[in-house]
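Residue numbers (this note's numbering): 1 to 389. Notes for the one structure printed next.
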């Protein structure tokens, strides 16, 4: 399927099939596997991503909600947890819709899901991806403030946190507008393709928006933030003073967030390269190109299931919260069994339940008076005995 480059530029959406009849045939193979078999392999990977990602992100969401309900969290921690909830919700939405669409695409050799799914899936993919990206940028800025300017304080009301999350979603939606406007299902003969149809001028503006405005400046901003953070936490020449305990906590939190951001960028770069090559008609239409592009898509889409496991493996706080969440029923059963053991103590070792604190006090007072009377009688008897002598 070739389109004239002078009139329009068409490139494949991340979950579209390759636009070549050679890749649709079972006669062509790669490493001994036909293209149809390769589709089933990639579909199996998508199923694994969906299963693992749902479990990880749901656990992450529960841990973060419990963290937000804690009254002992600092303002920075509360804002960071709010942004991580935003990332987790975005990843869950991406998993439930976009990964499912990608799975169905690998099982079909033609686009059969209609215009609505084509437009919404590709637009939502860009939307949620950049929403997560900008939430990571905001988290990096918060980490910079917490480490480099630890005395800085600000309010974190629910309205402000909600407004911050809305800004992240609005920024992501702004980047996805070209997909909402130009995503199309095109029929070529008996075949249908989900494509983004742009003129050469629109293609230039699209990649200028995608790379030069929406992505690279914020990557440079994060690099600047983390360079200052590294100087403050790991270099002795810094003028920022931290206690040994807070330094270790900040180091662990910085490593975790930096790892999440780095993995996100690295896993999405191959997919972006594939989109650019397809847009400029430089992507060859061979089974090897199909495998390479499909691997890039699967790698990018699997990022939504990776972040929770990075957090659980690198953060002691997240691991502790996860253990509390998972083993809470056992702890409740243990507390109930201990209370039952206490209730089975012999009655002779327990204070009578019908007596209140006042009754016990009065009984103790009576005993003291009784002892005093006995003491007086003993003294009197001793005096009589001495007198008789």
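We put the CB at the ideal spot given by N, CA and C, even for glycine.
Exercise. In the structure shown, what three-state DSSP assignment does residue 306 receive?
Worked result: Taking the chain shown and counting its residues from 1, one reaches residue 306 at position 306. Three-state result, residue 306: coil.
For this session: May I have the straight-line CA-CA distance separating residue 94 from residue 125, to the nearest angstrom?
Result: Indexing the chain shown from 1 puts residue 94 at position 94. Indexing the chain shown from 1 puts residue 125 at position 125. Taking the straight line joining both Cα atoms gives about 7 Å.
Exercise. Exposed or buried, residue 106, counting other C-beta atoms within 10 Å across all chains shown (16 or more means buried)?
Worked result: Indexing the chain shown from 1 puts residue 106 at position 106. With 16 or more Cβ atoms within 10 Å of its Cβ, residue 106 is classed as buried.
Exercise. Do the stretch 153 to 161 and the stretch 76 to 89 meet, that is, are 3 or more Cβ pairs less than 8 Å apart?
Worked result: yes
Exercise. With a CB to CB cut of under 8 Å and the five nearest residues on each side skipped, what residues in its chain are close to residue 61?
Worked result: Reading the chain shown from its first residue, position 61 is the one you call residue 61. Only 85, 88, 89 and 92 meet the Cβ criterion.
For this session: Report the rounded CA-to-CA distance for residue 116 versus residue 187, giving the unit in angstroms.
Result: As a working mapping, residue 116 is identified with position 116 in the chain shown. As a working mapping, residue 187 is identified with position 187 in the chain shown. Roughly 15 Å separates the two Cα atoms.
For this session: Write down the C-beta distance between residue 214 and residue 309 rounded to the nearest angstrom, noting that I regard them as a contact closer than 8 Å.
Result: Numbered from 1 along the chain shown, position 214 holds the residue referred to as residue 214. Numbered from 1 along the chain shown, position 309 holds the residue referred to as residue 309. 27 Å between Cβ atoms; not a contact.
Problem set entry | Pairwise C-alpha distance: residue 169 and residue 163 | Here residue 163 refers to the residue found at position 163 of the chain shown. Here residue 169 refers to the residue found at position 169 of the chain shown. So the alpha carbons of these two residues sit roughly 10 Å apart.
For this session: Determine contact between the stretch 249 to 268 and the stretch 278 to 292, defined as no fewer than three beta-carbon pairs at a distance below 8 Å.
Result: no
Exercise. Which residues share a DSSP beta bridge with residue 149?
Worked result: Here residue 149 corresponds to residue number 149 of the chain shown, with the count starting at 1. DSSP output for residue 149 lists no bridge partner at all.
For this session: Assuming residue 46 contacts residue 103 (C-beta within less than 8 Å), just tell me the rounded distance between them.
Result: Mapped onto the chain shown, residue 46 falls at position 46. Mapped onto the chain shown, residue 103 falls at position 103. Going by Cβ atoms, the distance from residue 46 to residue 103 rounds to 4 Å, so yes, they are a contact pair.
Problem set entry | Element boundaries [beta strand (DSSP E), containing residue 196] | Here residue 196 corresponds to residue number 196 of the chain shown, with the count starting at 1. First-last of the beta strand (DSSP E) with residue 196: 191 to 198.
For this session: Alpha carbon to alpha carbon, how far is residue 257 from residue 147? Give it in angstroms, no decimals.
Result: Here residue 147 is taken as the residue at index 147 of the chain shown, counted from 1. Here residue 257 is taken as the residue at index 257 of the chain shown, counted from 1. When rounded, the distance between both Cα atoms is 13 Å.
Problem set entry | Segments assigned alpha helix (DSSP H), at least 4 residues, entirely inside the stretch 70 to 144 | 75 to 93 and 100 to 107
Problem set entry | Enclosing beta strand (DSSP E) for residue 184 [first to last residue] | The residue given as residue 184 occupies position 184 in the chain shown. It spans 183 to 188 - the beta strand (DSSP E) in which residue 184 sits, taken as one unbroken run.
For this session: Could you tell me the boundaries of the alpha helix (DSSP H) in which residue 290 lies?
Result: For the purposes of this step, residue 290 is identified with residue 290 of the chain shown, where counting begins at 1. Taken as a continuous stretch (DSSP letters only), the alpha helix (DSSP H) holding residue 290 covers 287 to 301.
Exercise. For residue 298, which of 42, 328, 34 and 37 has the nearest alpha-carbon?
Worked result: As a first step, residue 298 is located in the chain shown; it is residue number 298 there, counting from the start. For residue 298, the nearest C-alpha among the options comes from 42.
For this session: May I ask you to report which of helix, strand or coil DSSP gives residue 277?
Result: Taking the chain shown and counting its residues from 1, the one referred to as residue 277 is at position 277. Residue 277: helix per DSSP, three-state reduction.
For this session: Using beta-carbon positions only, say whether residue 123 and residue 176 come within less than 8 Å of one another.
Result: Here residue 123 refers to the residue found at position 123 of the chain shown. Here residue 176 refers to the residue found at position 176 of the chain shown. In this structure, residue 176 lies closer than 8 Å to residue 123 by Cβ.
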